[in-house]
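Numbering (the numbering used here), first residue to last: 24 to 101.
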């Protein structure tokens, strides 16, 4: 098999990098829900820290709080 030749393809502008963590999506989904509290199932050991960072980055610390009780991670609405 012959290798394909490399070619240049002109583009108008570079695509923007867009990354969203799973924790950010969890916080956004929780805010949309009507639930006052939710347990994060199968959260890794650093799950609470990652959730706190997501809350901080979204700027919703006045609406959502992350709690760890008995080794389980919870989201609660204030």
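Positions of the beta carbon are idealized from the N, C-alpha and C atoms, including for glycine.
Would you report the Cα separation of residue i and residue j, rounded to the nearest angstrom?
{"i": "residue 93", "j": "residue 35", "result": "53 Å"}
{"i": "residue 67", "j": "residue 73", "result": "10 Å"}
{"i": "residue 61", "j": "residue 70", "result": "14 Å"}
{"i": "residue 89", "j": "residue 64", "result": "14 Å"}
Once the 5 residues before and after residue i are set aside, which same chain residues still bring their CB inside 8 Å of it?
{"i": "residue 47", "result": "77, 80 and 81"}
{"i": "residue 87", "result": "50, 53, 54, 78, 98, 99, 100 and 101"}
With H, G and I counted as helix, E and B as strand and the rest as coil, what does DSSP make of residue i?
{"i": "residue 79", "result": "helix"}
{"i": "residue 99", "result": "strand"}
{"i": "residue 55", "result": "helix"}
{"i": "residue 61", "result": "strand"}
Between residue i and the rest of its own chain, which residues show a CB-CB distance below 7 Å, the 5 nearest in sequence each way excluded?
{"i": "residue 52", "result": "none"}
{"i": "residue 27", "result": "none"}
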